[in-house]
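Chemist: In the numbering used here, the protein residues as written are 52 to 244.
Glycine included, C-beta positions come from ideal geometry on N, C-alpha and C.
Got a structure for you, written out below as structure tokens; questions coming shortly.
The structure is reproduced here in structure tokens:
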């Protein structure tokens with residue numbers, strides 16, 4: 052589905068799907084840090100220090116040559132209906148964005164690891180990457196792209212918390228602000244793949 056939708060990324064944005072394109076992710080990061088009201092000074096300094104690395108990761112990911120497409124951003128077993136054997140309906144597109152397609156792996160792989168053990172992650176990654184091979188890209192480049200997208204998908208998760216809880220004062224809105232900071236800080240974590 053993501054490969055087919057590459058050609059329709061602009062149309063999806065025109066329909067209102069949020070844009071978080073790979074080339075624009077450094078600007079998304081800047082906006083998230085600037086709007087951040089829940090972080091303490093050490094966290095803010097840490098995030099500001101990450102800015103050059105975020106830009107480098109985005110440039111490296113874009114250089115792999117996989118175009119932006121639809122990123123569900125919360126794809127897991129609790130987000131699909133099985134209509135019939137081999138027939139699925141995906142739902143709950145509230146976190147979706149037009150971004151690097153490999154960002155979709157974060158939630159799916161984490162959930163698969165919880166259910167089946169983390170040993171399944173390399174096989175899951177390689178099965179996901181198989182349709183993306185070709186075009187002069189090596190398996191090593193695609194695997195590196197997954198690692199970069201895994202890390203950068205934290206920005207999409209932070210954005211979705213911001214869309215869900217846009218105001219940062221009191222109750223659920225304050226919880227949303229804390230979650231945005233938590234996801235931003237996750238940029239520091241080394242991906243498991």
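Three or more C-beta pairs under 8 Å: does that hold for the segment 86-96 against the segment 180-188?
Modeler: No, they do not touch.
Chemist: Write down the C-beta distance between residue 121 and residue 147 rounded to the nearest angstrom, noting that I regard them as a contact closer than 8 Å.
Modeler: About 6 Å separates the two Cβ atoms, so the contact holds.
Chemist: CB residue 154 to CB residue 118, shorter than 8 Å?
Modeler: Cβ atoms of residue 154 and residue 118: not closer than 8 Å.
Chemist: What separation, rounded to the nearest whole angstrom, lies between the Cα atoms of residue 193 and residue 210?
Modeler: So the alpha carbons of these two residues sit roughly 25 Å apart.
Chemist: On the CB-based measure, 16 or more other CB atoms within 10 Å of its CB, does residue 139 come out buried or exposed?
Modeler: Answer is exposed; the Cβ neighbour count stays below 16.
Chemist: Just curious, the beta strand (DSSP E) that residue 244 is in, first and last residue?
Modeler: That residue, residue 244, is in no beta strand (DSSP E); it is neither H nor E in DSSP.
Chemist: Hey, which unbroken runs of the beta strand (DSSP E) at 3 residues or more fall wholly within the segment 91-128?
Modeler: The qualifying runs are 120-122.
Chemist: Using the C-alpha atoms, what's the distance from residue 231 back to residue 216?
Modeler: Looking at the two C-alpha atoms, the distance is approximately 10 Å.
Chemist: In this structure, how does DSSP classify residue 80 when only helix, strand and coil are distinguished?
Modeler: Residue state, collapsed to three classes: helix.
Chemist: Check whether the Cβ atoms of residue 109 and residue 76 lie closer than 8 Å to each other.
Modeler: Cβ distance < 8 Å, so residue 109 and residue 76 count as in contact.
Chemist: By the three-class DSSP mapping on this structure, what secondary structure does residue 72 have?
Modeler: Reduced to three states, the DSSP call for residue 72 is coil.
Chemist: If contacts are defined as beta-carbon pairs under 8 Å, then residue 199 and residue 111 qualify, I think. What distance do you get, rounded to the angstrom?
Modeler: That pair is a contact at about 6 Å.
Chemist: Using only alpha-carbon positions, find the residue among 204, 225 and 236 that is nearest to residue 72.
Modeler: Closest option to residue 72, Cα to Cα, is 204.
Chemist: Apart from the five residues on each side of it in sequence, which residues of its chain come closer than 8 Å, Cβ to Cβ, to residue 171?
Modeler: If we look at residue 171 and ignore the five residues flanking it on each side, its Cβ neighbours are 163 and 164.
Chemist: The beta strand (DSSP E) with residue 312 in it runs from where to where?
Modeler: Because the chain is modelled from 52 through 244, residue 312 falls outside the range shown and cannot be assessed.
Chemist: Compare the beta carbon distance of residue 176 and residue 197 with 8 Å and say whether it is the shorter of the two.
Modeler: Yes.
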